[in-house]
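Reviewing the structure listed below.
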Amino acid sequence: MSAVLVTGGTGHLGRDLVDRLVQAGHKVRVLARTPQPRADVEWAVGDLATGAGVHAAMDGVSIVINAATHSPIARRGGFRPIDFFRSPPAVDVDGTARLLAAAHDAGVQHFLHVSIVGLDDATLPYARVKLAGEQLVRQSPLRWSIVRAMPFYYLLENFLARLSWLPVWPVPKASFNPVDTTDVAGYLAACAFDGNAGDRAEIGGPEDLSFVMLAREYQAARGLRRAILPLPLSEKSARGMGFVVSQGVRGGRSWMDWLSRCRDDGEAS
Ligand SMILES: NC(=O)c1ccc[n+]([C@@H]2O[C@H](COP(=O)([O-])OP(=O)(O)OC[C@H]3O[C@@H](n4cnc5c(N)ncnc54)[C@H](OP(=O)(O)O)[C@@H]3O)[C@@H](O)[C@H]2O)c1
12 MSAVLVTGGT
22 GHLGRDLVDR
32 LVQAGHKVRV
42 LARTPQPRAD
52 VEWAVGDLAT
62 GAGVHAAMDG
72 VSIVINAATH
82 SPIARRGGFR
92 PIDFFRSPPA
102 VDVDGTARLL
112 AAAHDAGVQH
122 FLHVSIVGLD
132 DATLPYARVK
142 LAGEQLVRQS
152 PLRWSIVRAM
162 PFYYLLENFL
172 ARLSWLPVWP
182 VPKASFNPVD
192 TTDVAGYLAA
202 CAFDGNAGDR
212 AEIGGPEDLS
222 FVMLAREYQA
232 ARGLRRAILP
242 LPLSEKSARG
252 MGFVVSQGVR
262 GGRSWMDWLS
272 RCRDDGEAS
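Just so we're aligned: the sequence shown equals residues 12 to 280 in the numbering used here.
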């Protein structure tokens with residue numbers, strides 16, 4: 012049986028994706044800098060930022076799902092001034108180029124790349140890095156698919172948790188439909204094997220919610236009482252920051268359901 016190679020398989024989305032692929036009976040190999048103690052997948056030690064181990068990881072692989080990223084904002088769960096000026100391209104651009112070249116050399120049949128809804132209008136440097144990664148995939152001679160997803164619930168939870176100490180929460184007046192990683196993982200696993208290719212329908216969560224409502228529901232779920240100060244935002248600025256409502260596929264898990272599950276599991280971040 013040929014293998015599915017997953018990059019980013021130790022990350023939030025990647026862990027759910029690997030679970031989904033393993034449950035469906037696929038042979039899964041995870042390219043990771045640090046292998047995890049999980050025996051139901053093969054581990055290929057590699058680093059997209061340097062290229063170490065990338066070619067070797069392709070041996071016997073027919074499908075690659077690229078879910079690796081280096082987002083300093085997501086990693087720390089908040090913004091710093093530097094994030095408005097630059098974002099490191101080593102994984103999402105250079106690493107994607109290395110992965111595409113190795114996949115091409117190995118005769119991979121399908122390269123499925125994970126990206127973000129609304130990148131074309133987005134202005135943050137991380138968004139530009141993601142867009143550059145997408146462009147490399149589109150230019151590749153490989154058979155490729157790109158799936159764009161809305162922001163994940165875990166990221167929102169991390170942002171909102173950092174506001175906890177404030178008596179008044181300033182939040183942008185904008186609406187969007189964030190999504191659970193398990194819903195995105197299920198959709199990706201389907202896209203990998205459905206025989207289609209190209210730009211796929213984007214995926215978002217089931218509800219279009221204002222940021223104010225998201226923050227209120229978060230406070231209710233976490234037993235917090237804070238005033239919320241909605242900050243006006245032009246439509247252009249909102250789109251620039253990625254506050255859009257996705258078209259296409261909708262996941263099933265709501266923000267409230269996710270919040271209660273994570274409180275019960277203690278697996279918020
Ligand atoms: N977060 C969101 O809200 C969101 C929304 C839409 C789309 N996406 C996209 O979904 C994908 C997954 O996002 P996520 O939030 O699940 O990411 P994440 O939790 O930050 O995980 C990132 C993954 O990339 C791996 N990685 C980082 N640097 C690497 C390197 N040099 N070599 C190999 N692997 C490396 C990490 O491995 P380590 O364990 O070694 O760090 C980890 O497995 C990305 O393409 C992202 O752009 C994210």
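Just so you know, even glycine gets a beta-carbon here, dropped at the ideal spot from N, CA and C.
Buried or exposed by the 16-neighbour rule on C-beta atoms within 10 Å, applied to residue i
i       : result
Ile-93  : exposed
Pro-152 : exposed
Ala-308 : Any property of residue 308 remains undetermined from this structure, which presents the chain solely from 12 to 280.
Thr-134 : exposed
Leu-123 : buried
Backbone CA spacing between residue i and residue j [nearest angstrom]
i       : j       : result
Gly-62  : Gln-120 : 21 Å
Glu-246 : Val-52  : 45 Å
Gly-263 : Gly-216 : 7 Å
Gly-88  : Leu-111 : 29 Å
Tyr-229 : Leu-235 : 8 Å
His-115 : Gly-206 : 18 Å
Val-17  : Cys-202 : 14 Å
Arg-97  : Gly-197 : 32 Å
Met-267 : Gly-118 : 44 Å
Val-56  : Ala-43  : 5 Å
Ala-279 : Asn-77  : Its pLDDT being 47, under 50, Ala-279 is placed unreliably in this model, and the value from its coordinates should be taken loosely. Ala-279 and Asn-77: Cα-Cα distance of roughly 24 Å.
Ser-248 : Pro-241 : 15 Å
Reference residue i; option with closest CA among the options
i       : options                            : result
His-37  : Leu-28, Ala-43, Val-223            : Leu-28
Gln-146 : Pro-136, Tyr-165, Ala-160, Ser-126 : Ser-126
Ala-160 : Val-128, Arg-31, Asp-30            : Val-128
Met-84  : Cys-273, Met-252, Asp-210, Ser-156 : The question names Met, yet the displayed sequence has Ile at residue 84. The shortest Cα separation from Ile-84 among Cys-273, Met-252, Asp-210, Ser-156 belongs to Met-252.
Met-224 : Phe-187, Gln-150, Leu-174          : Phe-187
Cβ-based neighbour list, residue i, same chain, cut-off 6 Å, excluding 5 preceding and 5 following
i       : result
Ala-238 : Val-179
Thr-192 : His-23, Leu-24, Asp-27, Phe-163
Leu-130 : Ala-138, Lys-141, Leu-142
Ala-14  : Lys-38, Arg-40, Gly-71, Val-72
Gly-144 : Asp-103, Val-104, Thr-107
Arg-250 : Asp-132
Pro-99  : His-81
Contact set for residue i: own chain, Cβ-Cβ below 8 Å, skip 5 residues either direction
i       : result
Ser-271 : Ala-232
Pro-60  : In the sequence on display, residue 60 carries Ala and not Pro. Cβ within range, chain order: His-81, Ala-101, Val-102, Asp-105, Gly-106.
Phe-95  : Leu-135, Pro-136
Arg-227 : Ile-239
Trp-54  : Arg-40, Val-41, Ala-43, Pro-46, Gln-47
DSSP bridge partner residues for residue i (one or two, in chain order)
i       : result
Trp-269 : Answer is none; Trp-269 lacks a bridge partner.
Gly-215 : Arg-261
Glu-228 : According to DSSP, Glu-228 bridges with nothing at all.
Neighbour flag for residue i against chain B, beta carbons, 8 Å
i       : result
Val-256 : In summary, chain B is missing from the structure at hand, where a single protein chain is found.
Contact test: residue i Cβ vs ligand 2 heavy atom, cutoff 7 Å
i      : result
Gly-25 : Although ligand 2 was asked about, the structure shown includes only ligand 1 as ligands.
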